[in-house]
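30 is the number of the first residue of the sequence shown in this note's numbering; add one for each residue after it. C-beta atoms are modelled at their ideal positions from N, C-alpha and C, and glycine is treated no differently.
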Amino acid sequence: MRLSRSFLPTLKENPAEAQITSHRLMLRAGLIRQTAAGIYAWLPAGWRVLQNIAEIVRQEQNAVGAQELLMPTLQSAELWKRSGRYDAYGPEMLRIRDRHERDMLYGPTNEEMITDLFGQVIKSYKELPQVLYHIQWKFRDEVRPRFGVMRGREFYMKDAYSFDLDYDSSVDTYRRMMLAYLRTFQRLGVRAIPMLADTGPIGGELSHEFLILAPTGESGVFFDSALEEQDWLGQDVDIADRHSLEQFFTRMTSFYAATDEKHDTAAWAQVPAARQREGRGIEVGHIFHFGRKYTESMDITVSGPDGAPLFPEMGSYGIGVSRLVAAIIEASHDENGIIWPESVAPFRAVIINLKSGDSVCDAMCEKLYAAAPEHFLYDDRAERAGAKFADADLMGHPWQLIVGPRGAKDGKVEIKNRRTGERTEDTVEGALALVMKTPG
Ligand code: 5CA
C-alpha cells in the first residue's frame, strides 16, 4: 500500500476520549474509528490485523478437527425461548422487532442456534463428535462500553461448539481445544495464561479463561510463573489419543493459576514464593464444558448404539478476536507506539523514502515495494523524515526499510527492527530476505 494514497489516518495528538494505551494507539495509528458508543469501524490497517488474528485462530481450530461455518448475526427469539435464555439473558441482549412483529435479536452468542442446526443434521451417535465454529460479529449491550474495542458492544468473536456422545469424549474435546488455544495465543506473539474460571450465563461446571497480563486488565490474577515459560507449539501431544491429552492437561493444570473470583489462598501458599506472580489480566478467551444443558432444554437427541435417543454432551469455546487487537497492544508497545508481533502486523515492513523525488531513492524504494506490495507499506509522502519515523514507530511495523540518498548511492538500505531498535545495513536483496522470513 502506498501511504500517499491510503486511508490510514494517523493522529499526532492523544485523543481525549481514550483512557488506556491500546485505545489511544488504535485511534492514533488509524486502526479504528468509533461510529456509535461501543461500535467501531475497522479501517484498512486495523482490518488487516483483525483478519491476521482470525486466520491464526482458524488454522489452529482446523488443526484440532473443528469445522468452520457461518451463522447469521440476527437470530429469532423463538430459538432462545426454547432454551429458556430469552428472558434470563437480560438487558445485554439487543432485542429487535421486524416488520411482521416477530421478535428477533442480535446474537450475543450462538449456543441455541448451533444446537438447533446440529439437531437438523446429525441423527446418529456414529456421526459424533462434531466441533463447529464461526468467526462472526456479536452484540452485547454493555452498560459501560469502554476502552475502545476492549469492551465494545459490537465485537468480533470466534465461537466453537462441540457435541460428543459421552462425558469422557467431551472432556477429550475440551482438552484438545485447550491445546488449540494455547497454541493460538503463542502464535499471536502473546502469553495468555489459562485459569480456572466461573461459568456465568453460559452455564456448566468446567471452565477456563485465558488472560493476557496488563495493568489495565479487568481481573486480578494469581499464577505460577512456570506457565509463562511453556512452549505449547513444541509439545508433542497426540490429539487422537486420550492418554496423551490427559497427560498434557494434567501437566498444564498442575501449575497454579486463578482469577480473583476463584483464588484459593491455601493452594497459592504451596507455590514457591519466587514463582508467585500477581497482577491484572485481560480475558481474551473462555472455554466451557456444560454437558447436556442445551441439548436437554432444546430436546436435541441422536440415536445411540442401542437405538435409544441420547442427549449429546456439549462445550463452547470463545476467543475475543477484536479484543485481542487491543490486548496485544497493551502487552506490546513502548512510548513511541505499537510494536506488532510479526504474525499479526498489518504490514511486515514500512519502506521509508527519506527523499521522495530523488531518482535513486525512488528507484530503490520502488524495487523494494515491487517485491511484495501486499506486505509492505510504502511511505512515499512528501513529508519530513522526522514525521515519517514517528508514524512508522507509532504504527508499529516489525521492520523499517529506510532509504536515503547516501546509502542508496551505494545500493544500501538501512533496516531497523521496531522491537529491538537494532539497525543494520544491507542490499535490497538482503533486506528483502530478512523481512520476508516467515514469522514463527
Ligand atoms: N459462548 C461462549 C463461548 S463461545 C461465550 O460467549 N463466551 S464469553 O462470553 O466468554 O465470550 C468469549 C470472549 O469474547 C471473551 O473471552 C472475550 O474475550 C470476548 N468478549 C466478550 N465480551 C466482549 C466485549 N463486550 N467486547 C469485546 N470482547 C468481548
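For the options N139, M100, L256 and R126, the alpha carbon positioned closest to that of Y118 is the one of N139. For W261, the secondary structure class from DSSP, reduced to helix, strand or coil, is coil. G344 has its CB no nearer than 6 Å to any heavy atom of the ligand 5CA. Note on Q48: under 16 other CB atoms within 10 angstroms of its CB, so exposed under the neighbour-count rule.
For the alpha helix (DSSP H) assignment, the uninterrupted runs of no fewer than 4 residues enclosed by the region 87-157 are, from N- to C-terminal side, 106-112, 114-117 and 140-150. Distances between the C-beta of F184 and the heavy atoms of the ligand 5CA include at least one below 6 Å. Residue pairing for G67: DSSP places it in no beta bridge. With a beta-carbon spacing of about 5 Å, R212 and E89 fall inside the 8 Å limit used to define contacts. The Cβ atoms of Y346 and M206 lie closer than 7 Å to each other.
K466 is classed as exposed because its beta carbon has fewer than 16 other beta carbons within 10 Å across all chains shown. Boundaries for Y285: no alpha helix (DSSP H) harbours it, and the DSSP string shows neither H nor E there.
Residue pairing for S388: DSSP places it in no beta bridge. The beta carbons of T288 and G249 sit about 7 Å from each other, so the pair counts as a contact at 8 Å.
For V354, the enclosing alpha helix (DSSP H) has its first and last residue at V350 to A360. The C-alpha of D391 lies about 42 Å from the C-alpha of Q165.
Checking the 6 Å criterion, the Cβ of D387 is out of range of every heavy atom belonging to the ligand 5CA.
With contacts defined as CB atoms closer than 7 Å, K417 and D408 qualify as a contacting pair. Annotation: the region 274-347 contains the following complete segments of the alpha helix (DSSP H) (minimum length 4 residues), in chain order: 294-298 and 322-326. One thing to note: D253 has its Cβ within 7 Å of the Cβ of F284. Proximity of the beta carbon of G181 to the ligand 5CA is indicated: a heavy atom of the ligand is located closer than 6 Å. Membership of K417 in the alpha helix (DSSP H) is indicated by the continuous run A414 to M424. Of the residues Y115, A460, F405 and R180, the one whose Cα lies closest to the Cα of P375 is F405. Checking the 6 Å criterion, the Cβ of D188 is within range of a heavy atom belonging to the ligand 5CA. Three or more beta-carbon pairs separated by less than 8 Å link the region 311-326 to the region 128-147, which places the two stretches in contact. Per DSSP, the continuous alpha helix (DSSP H) segment holding V464 begins and ends at V457 to V464. Ranking N446, E412 and G415 by CA distance to the CA of G425 puts N446 first. Exclusion of the five residues before and after L194 leaves Y154 and L157 as the residues of its chain whose Cβ lies within less than 6 Å of its Cβ. N382 counts as buried, since no fewer than 16 other beta carbons sit within 10 angstroms of its beta carbon.
S361 sits buried, since 16 or more C-beta atoms from the chains shown fall within 10 Å of its C-beta.
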